[in-house]
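Engineer: Next up is a structure, given as structure tokens.
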Amino acid sequence: MKFQSTRGKAPLVSGLQALMNGLAPDGGLYVPAVFPKLDFDWEKLKDASYVAIGRQVLSLFFDEFSEAEITNFLTEAYENFDYPQKVKIQELDSRKDLLELFHGPTLAFKDMALSLLPYLLTAAIQKTQHKETLVILTATSGDTGGAALNGFNNVTQTKIVVYYPSVGVSKLQRQQMTTASGKNTHVVAVTGNFDDAQKAVKQLLIDQELIQRMQARSLRFSSANSINIGRLAAQVVYYVYAYAQLVQKGRLKAGQTLDVTVPTGNFGDILAAYWAKKMGLPLGKLTVASNANHVLTDFFASGIYQADRDFKVTSSPAMDILVSSNLERLLFDLAGADSVAGWMKDLAEKQTYEIDDKTLAKLQKQFNAAFCDSAQTSQTIKKIFTENNYLLDPHTAVAVAVNENFPSPDQQLIVSTASPFKFAETVLTALGQTAAADPELNLNKLSQFSKQAVPAAIADLFTKKPVHTQKLAIKDLRADLIETLGL
Ligand SMILES: *Cc1c(COP(=O)(O)O)cnc(C)c1O
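The UniProt record's numbering applies: residue 1 is where the sequence shown begins, and numbers increase by one.
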């Protein structure tokens with residue numbers, strides 16, 4: 001299996017190389033040169049474990065690894081998840097199921113890919129006999145940072161650098177990042193939003209002068225953002241597993257259409273659903289759920305991507321994004337590299353681009369898109385708790401609310417991306433409770449109110465002392481990197 005860049009100006013590379021590079025040298029994102037097809041024998045798959053399905057999916061993407069190697073990676077990566085099946089399907093009503101992807105160590109769906117990525121990356125370094133240390137450069141809106149720091153904690157031949165926006169992340173997310181203890185971690189708050197951080201990281205990743213200085217020190221860049229192909233491949237797995245489980249439970253007949261709604265920020269999670277569909281999974285409409293930063297809703301309606309607008313800090317911070325990276329992979333699939341290269345150039349220069357009508361029609365055939373503001377998000381948390389005795393986190397609540405806009409005869413799967421305890425303050429307020437200033441107190445309040453235990457993974461989080469207290473302007477990140485890496 002080879003991988004190509006969405007901008008068409010970089011050489012084809014192996015899966016191992018694509019994993020290590022993160023971003024393609026022409027600034028594009030790696031996608032499979034030819035899409036693999038899955039062999040769906042639901043009679044078998046419906047009883048298969050998460051690891052078994054993962055092995056089948058990931059072998060198609062990364063054929064340089066043996067099935068036994070992939071099985072080991074998956075087994076170790078998900079060992080400390082707090083749910084034996086790794087992901088949980090929760091019935092909401094007769095036609096809707098939630099797919100809980102937050103049973104990993106940092107309580108958000110980012111763990112699904114970022115627990116696995118270090119195994120893929122270190123094995124790729126070994127197989128290609130690279131002697132360099134990988135510098136994993138990461139911009140985060142809050143959840144990627146924690147999950148990447150956890151996944152790469154003290155992993156040999158890696159250094160992990162995380163830039164998070166100083167405003168917008170929850171207190172718990174901040175605590176997860178600033179207390180990261182690994183000797184190979186570097187965490188910095190940046191004055192700016194996620195878009196500023198992501199843009200800076202993308203520029204650094206292809207900064208030739210920096211890359212040369214790093215080579216002299218036997219260092220090389222990679223990425224833990226969803227621009228890394230390893231994250232997307234890992235995310236395809238749970239859609240296949242969820243489908244198999246719904247067949248197992250009798251919620252779906254084998255081959256029946258399943259619609260999927262995904263709370264969306266950088267478009268990585270929903271793109272994985274699209275890829276699963278391309279690989280043959282019987283998915284129907286894919287619904288892009290956004291918050292008040294509804295750049296994607298507008299784009300799917302008009303074909304005009306307009307990033308030049310006010311950035312809003314909302315109650316679902318992981319979706320506070322105006323430049324959604326992985327959309328580029330979808331556009332590549334529908335319109336090809338030349339169109340994508342032109343649109344991305346427009347985006348970089350004018351903060352906007354407009355796709356042609358044919359591509360827009362193709363998009364609209366496969367996707368729904370809508371948004372919900374913070375007030376509706378709160379109401380949805382309250383409604384679902386009152387009616388279903390089920391606690392939603394604010395990101396999942398956005399998806400549940402948006403899903404209501406699109407009545408459909410098909411079964412619905414709504415992706416649940418974070419534990420409500422990760423956003424206890426917002427959830428308590430939505431439930432009409434008074435949130436305290438102390439985030440630890442809010443965990444206990446939410447636990448008492450909902451009669452659910454605080455997840456063990458964060459039970460002693462607030463006893464840890466923050467060790468990463470640096471705060472920098474975006475323009476100083478390059479100099480900081482040079483200093484940190486001793487370049
Ligand atoms: C990252 C994140 C999202 C958005 O996922 P994308 O892949 O960026 O679209 C949604 N919810 C939560 C809780 C997240 O951490």
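We put the beta carbon where it would ideally sit given N, CA and C, even for glycine. Being a predicted model, the structure only gives us computed values, none of them experimental.
Please list the terminal residues of the continuous beta strand (DSSP E) segment that includes F367.
Structural biologist: It spans 367-371 - the beta strand (DSSP E) in which F367 sits, taken as one unbroken run.
Engineer: Does DSSP put G151 in a helix, in a strand, or in coil?
Structural biologist: If DSSP states are grouped into helix, strand and coil, G151 belongs with the helices.
Engineer: Which of the three DSSP states is assigned to S181 in this structure?
Structural biologist: In the structure shown, S181 sits in coil (DSSP, three-state: anything other than H, G, I, E or B).
Engineer: Pick out the complete alpha helix (DSSP H) segments inside the segment 223-286, 4 residues or longer, and give them in chain order.
Structural biologist: Segments of the alpha helix (DSSP H) lying fully in the segment 223-286: 229-248, 268-278.
Engineer: Label A216 either buried or exposed according to how many other C-beta atoms from any shown protein chain fall within 10 Å of its C-beta, with 16 as the threshold for buried.
Structural biologist: By the 10 Å Cβ count, A216 comes out exposed.
Engineer: For the beta strand (DSSP E) that contains S115, what are its first and last residues?
Structural biologist: Taken as a continuous stretch (DSSP letters only), S115 belongs to no beta strand (DSSP E), as it is neither H nor E.
Engineer: Can you list, in chain order, the residues of its chain with a C-beta nearer than 7 Å to that of Q255? Leave out the 5 residues immediately preceding and following it.
Structural biologist: Before going further, note that residue 255 is Gly rather than Gln in the sequence given. Closer than 7 Å at the Cβ level, and outside the excluded window around G255, lie P282.
Engineer: Roughly how far, in whole angstroms, is the beta-carbon of G15 from the beta-carbon of F62, given that I think they are within contact range, below 8 Å?
Structural biologist: At roughly 4 Å, the Cβ-Cβ gap stays under 8 Å, so G15 and F62 are in contact.
Engineer: By the three-class DSSP mapping on this structure, what secondary structure does H395 have?
Structural biologist: Here H395 sits in helix by DSSP.
Engineer: The beta strand (DSSP E) spanning Q90 covers which residue range?
Structural biologist: Taken as a continuous stretch (DSSP letters only), the beta strand (DSSP E) holding Q90 covers 88-93.
Engineer: Under 7 Å Cβ to Cβ from G192, same chain only, skipping five residues before and after it: list those, please.
Structural biologist: Cβ neighbours of G192 beyond the five flanking positions: P165, I474.
Engineer: Would A147 be called buried (16 or more neighbouring beta carbons within 10 Å of its own) or exposed?
Structural biologist: It is buried - the Cβ of A147 has at least 16 other Cβ atoms within 10 Å.
Engineer: Assuming contact is defined by CB atoms lying nearer than 9 Å, are V288 and A307 in contact in what I supplied?
Structural biologist: No, Cβ-Cβ distance for V288 and A307 is not below 9 Å.
Engineer: Looking at T377: is its Cβ nearer than 9 Å to the Cβ of A361?
Structural biologist: Against a cut-off of 9 Å, the Cβ pair of A361 and T377 comes out as no contact.
Engineer: With a CB to CB cut of under 6 Å and the five nearest residues on each side skipped, what residues in its chain are close to A335?
Structural biologist: Excluding positions up to five away in sequence, the list reads T359.
Engineer: Tell me whether K365, by its Cβ, gets closer than 8 Å to a heavy atom of ligand 1.
Structural biologist: K365: no, Cβ never under 8 Å from ligand 1.
Engineer: What are the start and end residues of the alpha helix (DSSP H) that includes Y50?
Structural biologist: From DSSP, the alpha helix (DSSP H) with Y50 extends over 50-61.
Engineer: Run through the DSSP bridge pairs and tell me what D97 is partnered with.
Structural biologist: Answer is E91, L413, bridged to D97.
Engineer: Exposed or buried, which one is G104 when buried takes at least 16 other CB atoms within 10 Å?
Structural biologist: When all chains shown are included, G104 counts as buried.
Engineer: At what residues does the alpha helix (DSSP H) containing I355 begin and finish?
Structural biologist: That residue, I355, is in no alpha helix (DSSP H); it is neither H nor E in DSSP.
Engineer: What is the DSSP secondary structure of Q4, counted as helix, strand or coil?
Structural biologist: Correct three-state label for Q4: strand.
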